[in-house]
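Asker: Sharing a structure here in structure tokens format.
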Amino acid sequence: MGQRSHWPRYRGVALLAGVAAGPVAAEYAINLAPPATAIARQIYDLHTMVLWICFGIFLVVFLPMFYAIWRHRKSLGHQAHRFHEHPMLEMAWTAAPAVILVVMAIPTTKVVLAMKDTAASDISIKVTGRQWKWEYEYLGQDLKFISSSATPQAQIDNQAAKGEHYLLEVDRPLVVPTGQKVRLVFTAEDVIHSWWVPALGVKQDAVPGFIRDAWFTIDTPGTYRGQCAELCGVGHGFMPIVVEAVPPAQYAAWMTEQKTQLAAAKSSAEKEFALAELVAQGEKVYVANCAACHQASGAGIPGTFPALDGSPVVTGPPAAHLERVFKGRAGTAMQPFGKQLSDLEIAAVISYERNSWHNKTGDGVQPSVVAALRASLGK
Amino acid sequence: MEEVLHAPHHEEHPSGLMRWVTTTNHKDIGTLYLWFSLSMFLFAGSLAMLIRAELFQPGLQLVNPAVFNQLTAMHGLIMIFGAIMPAFVGFANWQVPLMIGAPDMAFPRLNNWSFWLLPVAATLLLSSFFAPGGAMAAGWTMYPPLFIQGGISYDMTILAIHILGLSSIMGAINIIVTILNLRAPGMTLMKMPLFVWTWLITAYLLVAVMPVLASVITMLLTDRHFGTHFFNAGGGGDPVMFQHIFWFFGHPEVYIMILPAFGIVSTIIPTFARKKLFGYTSMVWAVASIAFLSFIVWAHHMFTTGMPVAGQLFFMYSTMLIAIPTGVKVFNWVATLWRGSLTFETPMLFAIAVVCLFTIGGFSGVVLALVPVDIQLQDTYYVVAHFHYVLFSGAAMSIMGGIYYWLPKWTGHLYDETLGKWHFWLTAIAFNVTFFPMHFLGLAGMPRRIPDYALQFADFNMISSLGAFVLGLAQLLFMYTVIKCIRGGQPAGDKPWDGADSLEWTLSSPPPYHSFNTPPRVD
Amino acid sequence: MSEHASGYYVPPPSHWPIVGSFALLGLASGFILLLAKVAAGPWIMALGAGLLIFMLIGWFGSVIRENQAGLLEGKVDSSFRWGMVWFIFSEVMFFAGFFGALFYARNIAVPWLAQAQLLWPGYAGTWPTAGPALTDPFTPMAAWGIPAINTLILLSSGATVTWAHWGMKLERRWQLKAGLILTIALGLLFLSLQIHEYGEAAFTIRTGIYGATFFMLTGFHGLHVTLGAIMLSVITGRVFAGHFNSRHHFGFEAVAWYWHFVDVVWLMLFVFVYWL
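In structure tokens form, the structure reads like this:
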């Protein structure tokens, strides 16, 4: 049913007819995203129903108005009539909207109740919003990782052509199995964020210090993209979400692979690294985690985010530098990166900062030192 | 019959700057409010031009994200508190005493202070752009914990809002007392022009909710500097608590911004239809119901925060209920037009556009009221479309219509009708080009408050920005037309609009400095 | 234009409001500089505060003079009555915001934190609490000591101001004066006991949500009691100066209403902050 019709440039003019013609005819860019869950489909249908009702009311109310504008003009010699009330009509047009609203409320209530039913889920994933990335933890699986935007800064700065999934791509997507009820448990580390994937029909605020939850069951394998939906600072537009739904067997295989990689990373962090290697790795960590505030040039934003280039903390004793990165700085946007990054990543980014721009300390920090600090803090 | 008492030598009011600084005259103060509002409208509008310029194309071209967030937050804050609210207070000052046959406001000196507090607040807000870290950038809604992270400009913003609140509360008390106490003999409440009714009810809303805003921003201040844990979970507080208290203010606030607009439209349409307003009694009841209901819908701004399902359902139902009295008003306006004898001077064009376009905003509000749909649309450009339809084509365009309607009375000159019509059509068309596509952007998944966006949103953003530039330029034409009318034009006479019937049209144009020294007798 | 004994008085142009605006600009800027740790901050604040007091004396002085000249009778008097009523209503709504915070924190935020065992394992969420992260025990304010005494003190002061009002209406000046002085004395006694309690408190405003709501509510209440006591003193001064008679004493009534409002807020505080 329906086919991709050729839209004129000003699609808005044909919106209502096009949208109401059915989900297949509606392009992504005009209507809600093609639904990938039953809930998303119900939301889509509710919206279509309300849109039709509103369109109908619009016609009923404004056709008489436009008729009056056309026919009841003084310039046509039309004289003003003298009525200014009509109790029966007024009661009717008070009661009719009420009935229409009740008609809308009944199916809507059912969907509200369904959306809140997070019981009897198959897997649970804890989602933590941070400035400006998402952290996913598969509860009961000992798997936790950070998912950051993978769009290169050069594309944002118009230095390079923008990729197809500009601002909607991440380094490590959230992988989930199809056909299983996935319960998400949300919180945040710093400010309120909001996890939103339109195709799944899920949007939930992530509130620091509190737990919220939501659920979805995805029918079809695919890649579903979303964005943060609550203003959270300068990186609000740059913390996308990518959900990859794969068949359960593939999901199990992926899970095993992740755990293997994790074990490998842990053991590699115990060895000693050359400074150059740390600095090279550190640059990647810096771009993904630090550059948003401290800038690629290390110059920061005066008055808001301090410069690292020439900073006394960065060029001073490594222990103090490590403490600052690991523990963050309370009351500011500088987060405790000890909670987000691995020992190797922290060692690398510190080594990078200490040897970049005009900083030439010639020293760095080994992952084992970071591990020792982590152990001493009991984290 | 009571006559107005003035101190001796009162006729010689000061001239020049001191006249405007010390005036206790409601007409002067109304004029001050309107000029202030126009200047804030142009400033906040310029911020919007910068926003739309950055959003013209994907990628960051003009400003960095930190500056972009300042632009969006301050655009909203200044438009609401600097442009829309003062404009309506300016109308109230000019028109309420005239329409009820009162000599002035109940507290003329307090009235002066209500105005002169505004430049103090504006100084704090505008200079905050130059504070270290730039202006407040957490949205006009100021949610913690993000708000707690900000620099000194955030405290400047809090203090500015306190001062604005003080101005509004004093102004609202003034209006309530004036309307309840100073009506001319024979003008019962149910004989008052509807504009006066809308302001009476708006004033009650102001007195009730502005103090609540004051309390919650004080909590932000103490969380920022005095170690309190109102909004910090570790200390037993809750960031969402801010949202509850803020929106308890915030929702009535949007009705504060629209009820006077309803009053203006209810004045203009009967005039140019040459027919009494249809259903006066039900209009009064509708405004009162809207005001009452506005106190129990606030959490519809918070459907995604994770409230229990009972809360979502309650607020969904109460929000849908508000559609009923609002719809009644629209029907009454259409019924006023029906079988009238219509002419289409500029005020009437604006009033009709308000009715149509505000209704579209109302429809998108009903869509947003449905919780499941709101889950998809909350914090997207759909919301931006919704509130610009109700606030620009609802509130701002009714202000423009009201200005054209009453400028002849205030100045004694007719405005240039051709220019007025040009301004109207440019504004109405450009407005729709700017904001209608935003419905699609929201549906398609574009979040709000982002400086850069994914590629599938590019086309509509470009269209929207082009519309915005035309819309902005059109307001320069508005300013030109207004100033031209003030400086001169065809003499207006007492009653340039033959269909007008409230008390101000019995006075000369412009009215005497002191009017209704002897209250008129109203039958 | 003739003058009538009863007419609506429209004041002449006045410079007091703009003085007030400069005062608030000074207070606000000074406070901002204080927060920014600029040395001039407190000085500018003091200047602003001084200017504000100057304005209040000047402006109210004008109103008192106009009243004494008989200009503010009839409809102006009823305007002032309505105005005072709505001003007190706005003050009630200001406190409502803080009471709302207390209610939300106790009934929603804290229980939900206790449910979030994934984040706050072991947090029980019983009131009073300083939150799941501030686990050092503290002793909350007990209701049935000095706070209960303060309740009696304020209730009595409500009685004494009413007694003074009767003195006003029955033209018994001594009763009026005695009643006012007693009321002020009781108010000051209340304040000194509160200050003592603040000093003795085993917690601060930083002690989690309990400390925040406790000190915010009682602190703003104390501020209002102070303002009320100042206003009562001004009225007392006017009484001694021979102002007011049994038929016209709105200034007295307005302050008495304010005092009763302060009393009612205290009762709410006692029940919801101290007791329950």
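Chains as they are written, first to last, in this note's numbering: chain A, 1 to 379; chain B, 380 to 902; chain C, 903 to 1178. C-beta: ideal position from N, C-alpha, C; glycine also.
Terminal residues of the continuous beta strand (DSSP E) containing A:F216?
Answerer: Start and end: 212 to 217.
Asker: Take the Cβ of A:T260 as the centre, count every other Cβ of all protein chains shown within 10 Å, and call the residue buried at 16 or more, exposed below.
Answerer: So A:T260 ends up on the exposed side.
Asker: When the distance is taken between beta carbons, is A:S149 closer than 8 Å to A:V127?
Answerer: No; because the gap between Cβ atoms is not below 8 Å, this pair is not in contact.
Asker: Does any C-beta atom of chain B lie closer than 8 Å to the C-beta of C:M903?
Answerer: Note that C:M903 scores a pLDDT of 32, beneath 50, so its modelled location is shaky; the value from the coordinates is reported in the next line. Yes, contact with chain B.
Asker: Using three-state DSSP, classify B:L770 as helix, strand or coil.
Answerer: DSSP places B:L770 in helix when its eight states are reduced to three.
Asker: Find the nearest neighbour of A:F55 within the set B:V745, B:F494, B:M566, B:S777, judged by alpha-carbon distance.
Answerer: Taking only the C-alpha atoms, the option nearest A:F55 is B:V745.
Asker: Please state the DSSP three-state secondary structure of A:V185.
Answerer: In this structure, A:V185 counts as strand in the three-state DSSP scheme.
Asker: For a contact meaning CB atoms closer than 7 Å, what does C:W1014 contact in chain A?
Answerer: Per Cβ cutoff of 7 Å: F210.
Asker: Quick check for students: name the residue ranges of the alpha helix (DSSP H) that lie wholly in the region 768 to 815 of chain B, counting only runs of 4 or more.
Answerer: With a minimum length of 4 residues, the continuous alpha helix (DSSP H) runs that stay inside the region 768 to 815 of chain B are 776 to 790.
Asker: Are the C-beta atoms of C:H887 and some chain B residue less than 8 Å apart?
Answerer: The requested residue 887 of chain C is not part of the displayed model; chain C covers only 903 to 1178.
Asker: Thinking A:K144 and A:Q155 are a contact (beta carbons under 8 Å), I'd like their distance in whole angstroms, please.
Answerer: Not confirmed; about 29 Å, so no contact.
Asker: Exposed or buried, what is B:G544 when buried is set at 16 or more other beta-carbons lying within 10 Å of its beta-carbon?
Answerer: The residue is buried, with at least 16 neighbouring Cβ atoms inside 10 Å.
Asker: Report the neighbours of C:A1032 on chain A: residues whose CB is nearer than 7 Å to its CB, in chain order.
Answerer: By Cβ distance, chain A contributes nothing, its closest Cβ being about 14 Å from C:A1032, past 7 Å.
Asker: Pick out the complete alpha helix (DSSP H) segments inside the region 939 to 1025 of chain C, 4 residues or longer, and give them in chain order.
Answerer: Listed in chain order, the complete alpha helix (DSSP H) runs (minimum 4 residues) inside the region 939 to 1025 of chain C are 943 to 970, 977 to 1006, 1012 to 1017.
Asker: Would you kindly work out how many angstroms separate the C-alpha atoms of B:I778 and B:V575, rounded to a whole number?
Answerer: Going from the Cα of B:I778 to the Cα of B:V575 covers about 15 Å.
Asker: Taking C-beta pairs closer than 8 Å, name the residues in chain C that A:V185 reaches, listed in chain order.
Answerer: Ordered by position in chain C, the residues that pass the 8 Å Cβ test against A:V185 are L1020.
Asker: Counting only beta-carbon separations shorter than 8 Å, does A:G22 have a partner in chain B?
Answerer: Here the model assigns A:G22 a pLDDT of 40, short of 50, so the residue's position is not dependable and the matter cannot be decided.
Asker: Cβ closer than 8 Å: which chain B residues qualify as neighbours of C:S923?
Answerer: Per Cβ cutoff of 8 Å: W492, W495, L496, P498, V499.
Asker: Do you know how far the Cα of B:G773 is from the Cα of B:F467?
Answerer: Their backbone Cα atoms lie some 13 Å apart in a straight line.
Asker: Roughly how many angstroms separate the alpha carbons of A:E323 and B:I542, rounded to a whole number?
Answerer: Their backbone Cα atoms lie some 42 Å apart in a straight line.
Asker: To the nearest angstrom, how far is the alpha carbon of C:S908 from that of C:D979?
Answerer: Low per-residue confidence applies at C:S908: pLDDT is 40, beneath 50, and the placement is therefore not dependable, though the value from the model is reported in the following sentence. Their Cα atoms are separated by approximately 11 Å.
Asker: What is the DSSP secondary structure of B:H893, reduced to helix, strand or coil?
Answerer: If DSSP states are grouped into helix, strand and coil, B:H893 belongs with coil.
Asker: Spell out a yes or no on whether the region 448 to 462 of chain B and the region 415 to 423 of chain B are touching, meaning 3 or more CB-CB pairs, one atom from each, closer than 8 Å.
Answerer: Verdict: yes, contact present.
Asker: Taking only beta carbons into account, state which residues of the region 1100 to 1118 of chain C come closer than 9 Å to chain B, listed in chain order.
Answerer: Answer in chain order: T1106, I1107, R1108, T1109, G1110, I1111, Y1112, G1113, A1114, T1115, F1117, M1118.
Asker: Sorted by chain position, which residues of the same chain lie with C-beta nearer than 6 Å to B:D602's C-beta, five sequence neighbours on each side aside?
Answerer: Result list for B:D602: I527, F609, F610, in chain order.
Asker: Give me, in chain order, the residues of the same chain whose beta-carbon lies closer than 8 Å to that of C:G1252; leave out the 5 immediate sequence neighbours on both sides.
Answerer: The displayed coordinates of chain C run from 903 to 1178. Any statement about residue 1252 of chain C would go beyond what the structure contains.
Asker: Mapping DSSP to helix, strand and coil, what is B:P898?
Answerer: Three-state result, B:P898: coil.
Asker: Would you please verify whether the beta carbon of C:V912 is less than 8 Å from any beta carbon of chain F?
Answerer: Of the protein chains in the structure, A, B and C, none is chain F.
Asker: Where does A:S194 fall in DSSP's three states?
Answerer: A:S194 falls in the strand class under three-state DSSP.
Asker: Anything in the region 715 to 729 of chain B with a Cβ closer than 9 Å to a Cβ of chain A? List those residues in chain order, please.
Answerer: Listed in sequence order: T715, L716, W717, R718, G719, S720, L721, T722, F723.
Asker: At a CB-CB cut-off below 8 Å, which residues of chain B make contact with C:F956?
Answerer: In chain order: nothing, as chain B lies at least about 14 Å away.
Asker: Express the C-alpha separation of B:T722 and A:A68 in angstroms, rounding to a whole number.
Answerer: When rounded, the distance between both Cα atoms is 11 Å.
Asker: Relative to the C-alpha of B:M858, which candidate in B:S394, B:P687, B:F803, B:E632 has its C-alpha closest?
Answerer: Nearest of B:S394, B:P687, B:F803, B:E632 to B:M858, Cα basis: B:F803.
Asker: Quick one: does the C-beta of C:A1035 sit closer than 7 Å to a heavy atom of the ligand HEM?
Answerer: Within the structure as shown, the ligand HEM is missing, as the structure has no ligands at all.
Asker: Out of A:H321, A:P336, A:V243, A:Q79, state which residue places its alpha-carbon closest to the alpha-carbon of A:V182.
Answerer: Checked all of A:H321, A:P336, A:V243, A:Q79; the closest Cα to A:V182 is A:V243.
Asker: Whole angstroms is fine: what's the gap from A:P367's alpha carbon to A:M104's?
Answerer: A:P367 and A:M104: Cα-Cα distance of roughly 59 Å.
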